[in-house]
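Student: Listed in order, the protein sequences are those of chains A and B.
Residues in the first sequence are numbered consecutively from 24, following the numbering used here.
Residues in the second sequence are numbered consecutively from 24, following the numbering used here.
What follows is a single structure, and I will ask about it in a moment.
Protein chains: 2
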Amino acid sequence: MDDKKLPNRQENFSEWYNQLVLRAEMADYAPVRGCMVVRPYGWALWENIQAALDKRFKATGHVNAAFPLLIPQSFMTKEKEHVEGFSPELAVVTYGGGQLLEEPLVVRPTSETIIGTMYAKWIQSYRDLPVLINQWANVVRWEMRTKLFLRTLEFYWQEGHTAHATEQEAAEHTQRMLNVYTDFAVNEAAVPVLAGQKSDSEKFAGAKATYSIEAMMGDTKALQAGTSHFLGQNFAKAFDIKFLDENNQLQYCWTTSWGLSTRFIGAIIMTHGDEQGLVLPPNLAPYQVVIVPIYRTDEEKALVIETVDKIVSGLGNLRVFVDRREGLTPGFKFNDWELKGVPLRIEVGPKDVQNGTLALARRDILGKEGKRFIPMAGFEQAVPAVLAEIQANMLAKATKFRDEHIFEVSNYEDFKDVVENKGWAKVWWYDDAANEAKIKEETKASLRNYAQTEGEGVCFYTGKKTNKQVYFAKGY
Amino acid sequence: MDDKKLPNRQENFSEWYNQLVLRAEMADYAPVRGCMVVRPYGWALWENIQAALDKRFKATGHVNAAFPLLIPQSFMTKEKEHVEGFSPELAVVTYGGGQLLEEPLVVRPTSETIIGTMYAKWIQSYRDLPVLINQWANVVRWEMRTKLFLRTLEFYWQEGHTAHATEQEAAEHTQRMLNVYTDFAVNEAAVPVLAGQKSDSEKFAGAKATYSIEAMMGDTKALQAGTSHFLGQNFAKAFDIKFLDENNQLQYCWTTSWGLSTRFIGAIIMTHGDEQGLVLPPNLAPYQVVIVPIYRTDEEKALVIETVDKIVSGLGNLRVFVDRREGLTPGFKFNDWELKGVPLRIEVGPKDVQNGTLALARRDILGKEGKRFIPMAGFEQAVPAVLAEIQANMLAKATKFRDEHIFEVSNYEDFKDVVENKGWAKVWWYDDAANEAKIKEETKASLRNYAQTEGEGVCFYTGKKTNKQVYFAKGY
Chain A
24 MDDKKLPNRQ ENFSEWYNQL VLRAEMADYA PVRGCMVVRP YGWALWENIQ
74 AALDKRFKAT GHVNAAFPLL IPQSFMTKEK EHVEGFSPEL AVVTYGGGQL
124 LEEPLVVRPT SETIIGTMYA KWIQSYRDLP VLINQWANVV RWEMRTKLFL
174 RTLEFYWQEG HTAHATEQEA AEHTQRMLNV YTDFAVNEAA VPVLAGQKSD
224 SEKFAGAKAT YSIEAMMGDT KALQAGTSHF LGQNFAKAFD IKFLDENNQL
274 QYCWTTSWGL STRFIGAIIM THGDEQGLVL PPNLAPYQVV IVPIYRTDEE
324 KALVIETVDK IVSGLGNLRV FVDRREGLTP GFKFNDWELK GVPLRIEVGP
374 KDVQNGTLAL ARRDILGKEG KRFIPMAGFE QAVPAVLAEI QANMLAKATK
424 FRDEHIFEVS NYEDFKDVVE NKGWAKVWWY DDAANEAKIK EETKASLRNY
474 AQTEGEGVCF YTGKKTNKQV YFAKGY
Chain B
24 MDDKKLPNRQ ENFSEWYNQL VLRAEMADYA PVRGCMVVRP YGWALWENIQ
74 AALDKRFKAT GHVNAAFPLL IPQSFMTKEK EHVEGFSPEL AVVTYGGGQL
124 LEEPLVVRPT SETIIGTMYA KWIQSYRDLP VLINQWANVV RWEMRTKLFL
174 RTLEFYWQEG HTAHATEQEA AEHTQRMLNV YTDFAVNEAA VPVLAGQKSD
224 SEKFAGAKAT YSIEAMMGDT KALQAGTSHF LGQNFAKAFD IKFLDENNQL
274 QYCWTTSWGL STRFIGAIIM THGDEQGLVL PPNLAPYQVV IVPIYRTDEE
324 KALVIETVDK IVSGLGNLRV FVDRREGLTP GFKFNDWELK GVPLRIEVGP
374 KDVQNGTLAL ARRDILGKEG KRFIPMAGFE QAVPAVLAEI QANMLAKATK
424 FRDEHIFEVS NYEDFKDVVE NKGWAKVWWY DDAANEAKIK EETKASLRNY
474 AQTEGEGVCF YTGKKTNKQV YFAKGY
């Protein structure tokens with residue numbers, strides 16, 4: 024870490040983000056254009072995200088597997104919309120073992136095609152259904168404008184692929200996984216997402232319907248943080264995924280796919296980060312607690328370290344890091360861990376030991392307000408309780424910020440003012456792809472997703488009656 | 024599962040293996056030549072391998088990270104021996120986003136070059152050392168003759184990459200990780216490997232010294248199951264990894280790398296498998312216990328399932344699967360789980376419930392000898408104890424098999440007989456790369472690694488005095 028201040032978050036959110044990712048050692052630029060290295064601190068956060076999601080996938084009946092990275096180019100062309108969507112983004116292997124390949128291989132941008140091919144082989148009967156498989160993988164999409172975590176040529180994600188006997192079951196599963204993402208985002212990452220269907224213009228290439236969770240970043244821009252696709256029978260027909268039903272009739276399967284990626288790390292940084300750096304939610308933070316021992320003499324050191332060791336063993340179930348680095352001032356260490364967003368800091372000095380107290384400093388509330396002393400007795404219960412407070416406060420704060428920056432508007436002038444200067448616009452909307460494109464062209468705001476709504480209103484753009492409300496916002 | 028018998032393991036070990044991998048649903052052939060799909064049952068085994076290794080890596084101070092899949096072609100050429108070793112095996116991306124790339128990108132076959140480039144950027148001072156990073160990743164090597172798990176174009180592995188201030192520290196770390204692999208293989212996989220240095224002819228391209236763990240398969244062939252490389256300053260000089268030492272002098276780092284891959288799944292299958300199928304070590308098996316409920320009437324079913332549920336909750340710390348499939352006979356289920364190598368089967372029928380006993384059947388000892396009844400009371404302790412017995416027995420059995428198939432020989436005639444018909448030859452050996460090549464050419468047996476040995480002897484091939492003993496064997 025160096026001592027320079029971060030760029031001003033209010034004035035230059037984008038540069039604040041770029042610098043923060045580098046200086047907190049979350050990621051670094053790789054020598055290949057648009058690729059990133061996820062550094063150990065960033066990867067530890069991703070591993071906690073993985074664990075939180077994987078637990079939910081297993082609880083909903085999924086198993087993990089691994090499908091190949093390389094896909095014959097011809098596979099990509101079998102589903103018409105899919106190939107149109109992904110062709111411009113492909114990385115293509117043309118040489119292998121020194122020989123020009125007969126058929127080029129694409130590096131997977133997503134795996135519907137290769138997984139569909141295997142499902143066609145594995146599924147014969149209704150008894151084989153549903154198939155509920157997830158994979159944790161790297162994928163490559165040849166993006167032109169890149170940004171660490173948010174949009175890189177290679178990124179890491181999970182992609183779930185399921186096959187079902189009926190339309191209803193597949194549709195329900197699409198919704199189930201959207202709910203899993205929402206639950207994860209809200210309760211683990213403290214990111215208060217809005218879940219809903221995307222418009223036809225914004226759906227996944229080859230899907231019948233795409234659902235997303237949308238998060239509001241600290242600059243009020245929207246970020247699509249996870250998607251769940253109902254694929255109908257499109258891929259089943261393209262890849263011949265069929266089964267004999269209970270009446271011995273051959274039927275096409277109904278399939279779904281859903282993914283959440285390292286992009287979510289960007290969502291966490293931009294939802295919670297502040298002028299001092301990262302603010303990580305306790306449930307996912309690589310270190311939930313950092314302990315900074317403070318001493319001048321060897322005698323003091325012995326005293327302090329004895330207490331530190333007691334705290335560490337008393338907090339055995341938490342992720343605790345003791346900053347034992349020599350030759351650095353406590354102030355430097357405080358700044359360093361604030362930059363890195365550790366939720367709770369415990370300072371232990373000789374006075375604290377004598378008084379039988381611990382000095383706690385919350386990352387979510389800086390300055391005096393976030394400091395408190397607790398008695399050493401009972402710290403095993405007190406510290407987890409403070410972490411739970413922090414987790415809850417982070418969600419409440421982000422939810423408040425989000426709600427304060429969503430505005431219901433009923434005409435295009437107000438709409439333009441909102442999406443340009445204030446945040447998200449929530450509007451009654453009569454579906455029309457041409458209007459949607461025109462609005463995006465004129466305002467840079469895109470339709471994020473449909474709101475959960477009831478009742479009827481008047482479309483802000485066309486004046487037509489409608490029962491749909493949607494969110495529009497500039498997005499990442 | 025189908026009902027066909029596996030190919031005869033004694034007569035056609037290779038085909039026995041191929042069929043077993045497919046029929047136990049460990050893996051499947053992908054539509055791309057030489058690539059595999061790791062199916063959920065195989066991937067669950069890999070996840071347990073990962074957990075067992077990752078725990079050991081963390082305990083020895085390592086952190087995980089993720090480096091890019093795509094490497095500029097020019098990077099591969101910076102270390103002379105490295106490029107010679109890997110050039111023939113590369114998959115090369117020449118197109119991205121529809122454009123011919125200015126510089127082709129290779130899909131990583133291993134990551135010394137890209138990680139070395141980042142280390143050069145990150146390491147400045149002795150205070151930054153050691154750097155101890157591991158990554159779990161997929162890699163691609165363009166192999167011509169492939170076999171599921173053992174040699175595929177794409178495979179999954181971990182690769183550790185460390186940088187140190189001194190030669191001694193790097194050399195010690197190389198050894199430490201070799202010991203970690205040995206400990207994992209012996210105590211988790213029950214695969215009694217022999218650890219030692221490889222000959223110069225067999226070392227990693229660019230390493231100063233390579234160490235391996237070598238395992239004996241059920242057909243007595245050798246399999247290299249993990250490697251640890253001391254890279255000296257070769258890569259540090261090629262990639263400019265330097266640091267200021269405590270005297271403010273600029274020095275090159277000393278580096279190591281080490282890897283273990285999905286090949287190890289093949290080692291487990293070929294070490295322990297038998298005529299009936301897989302035999303998985305309890306410490307790594309996806310399911311440690313399978314429960315087969317047996318009943319004819321609804322009344323019996325209710326009775327049996329009540330007990331089954333009790334067992335499941337009593338074995339909460341174990342990986343237990345209850346085979347609730349309807350319409351299949353118990354005999355069919357027994358065969359199925361024997362094929363899949365679940366270490367312990369518990370059969371629960373109405374009689375067992377009445378008698379207050381459980382019928383256990385061990386996978387490592389088939390037939391009557393492996394069956395026993397235990398009282399229902401205390402099964403929570405008894406079942407884990409049986410699993411520990413199985414784990415120990417599998418290691419003892421494999422060790423006995425290995426030791427019975429290693430022969431010390433002192434002349435070339437006996438040597439040829441051993442490596443052709445009996446197993447491994449352990450011989451006194453005077454280093455000579457030309458002789459080593461000639462022996463490999465004539466007998467197909469390669470020098471696996473140096474034995475841990477003391478004293479002196481006479482080289483079986485040259486008659487020269489030497490203090491080294493080595494293992495020769497045909498290998499995978």
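Built from N, CA and C at the ideal position, the CB exists for glycine as well.
All values derive from a computational prediction rather than experimental measurement.
Kindly confirm or deny that the segment 398 to 416 of chain A and the segment 345 to 361 of chain A touch, where touching means at least three C-beta pairs closer than 8 Å.
Tutor: no
Student: In whole angstroms, what is the alpha-carbon distance linking V432 (chain A) and T489 (chain A)?
Tutor: 15 Å
Student: Taking CB distances under 7 Å as the criterion, tell me whether D437 (chain A) reaches chain B.
Tutor: The beta-carbon of D437 (chain A) is placed no less than 7 Å from the nearest beta-carbon of chain B.
Student: Name the chain A residues that come within less than 7 Å of C58 (chain B), Cβ to Cβ?
Tutor: P91, L93
Student: Taking C-beta pairs closer than 9 Å, name the residues in chain A that V106 (chain B) reaches, listed in chain order.
Tutor: Neighbours of V106 (chain B) on chain A: none; closest Cβ ~13 Å, over 9 Å.
Student: Measuring CB to CB, does A245 (chain A) end up less than 7 Å from E237 (chain A)?
Tutor: yes
Student: Hey, I146 (chain A) and F90 (chain A): beta-carbon distance below 7 Å or not?
Tutor: no
Student: Among A:S336, A:L381, A:G241, which has the Cα closest to the Cα of E34 (chain A)?
Tutor: A:G241
Student: If I measure Cβ to Cβ from V106 (chain B) and keep anything under 6 Å in the same chain, skipping five residues before and after, which residues do I get?
Tutor: M99, T100
Student: Looking only at its chain, what residues have a beta carbon closer than 8 Å to the beta carbon of N434 (chain A), apart from the 5 residues adjacent to it on each side?
Tutor: F483
Student: Hey, is M24 (chain B)'s beta-carbon within less than 7 Å of any beta-carbon in chain A?
Tutor: Residue placement at M24 (chain B) cannot be trusted, given a pLDDT of 48 that sits under 50; what the coordinates show is reported in the next sentence. So no, M24 (chain B) is outside the interface.
Student: With DSSP run on the structure shown, which of helix, strand or coil describes V432 (chain B)?
Tutor: Coil, per DSSP.
Student: Can you have a look at L303 (chain A) and say buried or exposed, based on whether 16 or more other CB atoms are within 10 angstroms of its CB?
Tutor: buried
Student: Against chain A, does G119 (chain B) count as a neighbour if the rule is that its beta carbon must be under 7 Å from one of theirs?
Tutor: yes
Student: If you scan the segment 242 to 328 of chain A from start to end, which runs of the alpha helix (DSSP H) of 4 or more residues do you find wholly inside it?
Tutor: 257 to 262, 286 to 295
Student: Got a sec: is the Cβ-Cβ distance from P63 (chain A) to anything in chain B below 7 Å?
Tutor: Using a CB distance cut-off of 7 Å, P63 (chain A) counts as an interface residue toward chain B.
Student: So that I know if they touch, is there some Cβ in chain B lying closer than 7 Å to that of T140 (chain A)?
Tutor: yes
Student: I'd like the list of long-range same chain contacts for F396 (chain A), defined as Cβ closer than 6 Å, with 5 residues on each side in sequence excluded.
Tutor: Exclusion of the five residues before and after F396 (chain A) leaves T380, A382 as the residues of its chain whose Cβ lies within less than 6 Å of its Cβ.
Student: Considering only residues of the same chain and omitting the five flanking positions on each side of P95 (chain B), which have a CB-CB separation below 7 Å?
Tutor: E126, L128
Student: Measuring alpha carbon to alpha carbon, tell me which residue in B:W277, B:A448, B:F172, B:D206 is nearest H252 (chain B).
Tutor: For H252 (chain B), the nearest C-alpha among the options comes from B:W277.
Student: Here's a check: name, in chain order, each residue in its chain whose Cβ is nearer than 8 Å to the Cβ of L367 (chain B), leaving out the five neighbours to either side.
Tutor: P305, Q311, V312, V313, L383, A384, R385, R386, V406, V409, L410, I413
Student: Spatial neighbours of E211 (chain B) within its chain, please: CB distance less than 8 Å, with the 5 preceding and 5 following residues excluded, ordered by chain position.
Tutor: I72, A75, P304, N306, L307
Student: Closest to E177 (chain B) by C-alpha separation, out of B:K445, B:S280, B:K144, B:T133, would be which residue?
Tutor: B:T133
Student: Could you compute how far the alpha carbon of V216 (chain A) sits from the alpha carbon of A415 (chain A)?
Tutor: If you take the alpha carbons of V216 (chain A) and A415 (chain A), they lie about 15 Å apart.
Student: What residues from the segment 252 to 285 of chain A come within 9 Å of chain B, judged by C-beta to C-beta, listed N to C?
Tutor: Cβ contacts with chain B: T285.
Student: Decide if the segment 314 to 324 of chain B is in contact with the segment 359 to 378 of chain B; the criterion is three or more beta carbon pairs, one per stretch, under 8 Å apart.
Tutor: yes
Student: Whole angstroms are fine: how far does the CA of P111 (chain A) sit from the CA of G120 (chain B)?
Tutor: 5 Å
Student: I need the straight-line Cα distance from R168 (chain B) to Q122 (chain A), nearest angstrom please.
Tutor: 15 Å
Student: According to DSSP, is P63 (chain A) helix, strand or coil?
Tutor: helix
Student: Per DSSP, A143 (chain B) is paired with what?
Tutor: Answer is none; A143 (chain B) lacks a bridge partner.
Student: May I have the straight-line CA-CA distance separating A474 (chain B) from F344 (chain B), to the nearest angstrom?
Tutor: Computed Cα separation, rounded: 42 Å.
Student: If I measure Cβ to Cβ from V209 (chain B) and keep anything under 8 Å in the same chain, skipping five residues before and after, which residues do I get?
Tutor: P215, V216, L418
Student: Where in the segment 111 to 162 of chain A do unbroken runs of the alpha helix (DSSP H), each at least 4 residues long, occur, reported from the N-terminal end onward?
Tutor: 135 to 145
Student: Kindly indicate which three-state DSSP category M239 (chain B) falls into: helix, strand or coil?
Tutor: Here M239 (chain B) carries a strand assignment [DSSP, helix/strand/coil].
Student: What do you get for Q191 (chain A), buried or exposed, if any count of 16 or more other CB atoms within 10 angstroms of its CB means buried?
Tutor: exposed
Student: Is the segment 267 to 281 of chain B touching the segment 193 to 204 of chain B, taking contact as three or more C-beta pairs under 8 Å?
Tutor: Judged by pairs of C-beta atoms under 8 Å, the segment 267 to 281 of chain B touches the segment 193 to 204 of chain B, as three or more such pairs exist.
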